[in-house]
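Let me begin by presenting the structure, written as structure tokens, before commenting on it.
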Amino acid sequence: MQIGNDEYLLTTHVSERRRDLWLERRVVFYGERRRDQLRVAIKLRFEEVPWVDRFGGLGERFSDQETECLERCETVEGLPKLLASGFHIQTDDFENPGGRIRALVMTRVPGVPVTEIQDLKTHEILNIKNGVIKVLEDTRLQGFAFGEGLPEKILYDRKTGKVSLVSLAYTEKVDPVEYGPITESRVIVQEYGLGLWKGSIDDKHEVN
């Protein structure tokens, strides 16, 4: 698949999510860049009813904002790096001819979703919690905030202890000063912690 100036090979279907409100389907693949076999993640957003402008193109605006966030936050450790973006028009071979396919190509971050690790130790959970807060705070300092915290979007590398967040679909521009620092009491941190520190560690030890 041609995206930007490079050809990419889609190898593994990772996830799929439909946003009926926006008449859009989002699919994430793992793949590689053909010229150097660089391992990448590719997000494709398919317009499902192209002749309907739902909410003034809200889905498209979120896609543009995700792209801008990736560009602005390229120095933030724990986020994927944007490699390429572009769009295609669905042909008659697709379910919704005429609809656009918006594409983002990003670097792969290390680790696996924390929801797939069944034997996390207490010190690992605390490390993950602190890592999530750091990524959210560093992103805030660049003028963006996450609007949705899903535990399955936290990737953890047990060998290195690295914590990463993927899926920036609901990031929004914010004033860093007005938004304020990210602390463990923020709702977004609690959302990411459901089933991890929220409901286990934090219920046993009060959070100040």
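Numbering-wise, the working numbering comes out as the position in the sequence shown, counting from 1, plus 8.
Virtual Cβ for every residue (Gly too), placed ideally from N, Cα, C.
Check your understanding: Between V36 and the rest of its own chain, which residues show a CB-CB distance below 6 Å, the 5 nearest in sequence each way excluded?
Key -> Numbered from 1 along the sequence shown, position 28 holds the residue referred to as residue 36. V22, S23, K51, listed in sequence order.
Point to revise | Stretch-stretch touch, CB-based, cutoff 8 Å, three pairs: the stretch 37 to 51 with the stretch 123 to 143 | key: Below 8 Å, too few C-beta pairs join the stretch 37 to 51 and the stretch 123 to 143 to call them touching: fewer than three.
Point to revise | Alpha-carbon spacing of K142 relative to E55, whole angstroms | key: Translated into the one-based positions of the sequence shown, residue 142 becomes position 134. Translated into the one-based positions of the sequence shown, residue 55 becomes position 47. Distance from the CA of K142 to the CA of E55, rounded to the nearest whole angstrom, comes to 34 Å.
Review point. Based on the DSSP output, what are the partners of R53 in its beta bridges?
Key: Working through the sequence shown from its first residue, we reach residue 53 at position 45. R34, R110.
Point to revise | Through-space distance from E145 to P189, alpha-carbon basis | key: Translated into positions along the sequence shown, residue 189 becomes position 181. Translated into positions along the sequence shown, residue 145 becomes position 137. Near 6 Å, if we compare the C-alpha coordinates of E145 and P189.
Check your understanding: Using 8 Å as the Cβ pair cut-off and three pairs as the minimum, do the stretch 157 to 165 and the stretch 173 to 190 touch?
Key -> Judged by Cβ distances under 8 Å, the stretch 157 to 165 makes contact with the stretch 173 to 190, as three or more pairs qualify.
Review point. Hey, quick one: how far does the beta strand (DSSP E) through K181 stretch, first residue to last?
Key: Translated into positions along the sequence shown, residue 181 becomes position 173. Judged by DSSP secondary structure, K181 falls within the beta strand (DSSP E) whose first and last residues are 179 to 181.
Check your understanding: Can you name the start and end residues of the alpha helix (DSSP H) that L176 belongs to?
Key -> Start at 1 with the first residue of the sequence shown, and residue 176 comes out as number 168. Where L176 is concerned, there is no enclosing alpha helix (DSSP H), given that its DSSP letter is neither H nor E.
Practice item. Pick out whichever of G39, G155, R148, P184 has its Cα sitting closest to the Cα of R116. Key: What you label residue 116 is simply residue 108 of the sequence shown in a count that begins at 1. Residue G39 is the option with its Cα nearest to R116.
Review point. Using the C-alpha atoms, what's the distance from R42 back to P88?
Key: Here residue 88 refers to the residue found at position 80 of the sequence shown. Here residue 42 refers to the residue found at position 34 of the sequence shown. Rounded to the nearest angstrom, the two C-alpha atoms are 19 Å apart.
**Study point:** C-alpha distance - L78 paired with L91, whole-angstrom precision
**Key:** What you label residue 78 is simply residue 70 of the sequence shown in a count that begins at 1. What you label residue 91 is simply residue 83 of the sequence shown in a count that begins at 1. Each residue's Cα considered, the two are about 10 Å apart.
Point to revise | As assigned by DSSP and simplified to three states, the class of Q10 | key: Your numbering for residue 10 matches position 2 in the sequence shown. Q10: strand per DSSP, three-state reduction.
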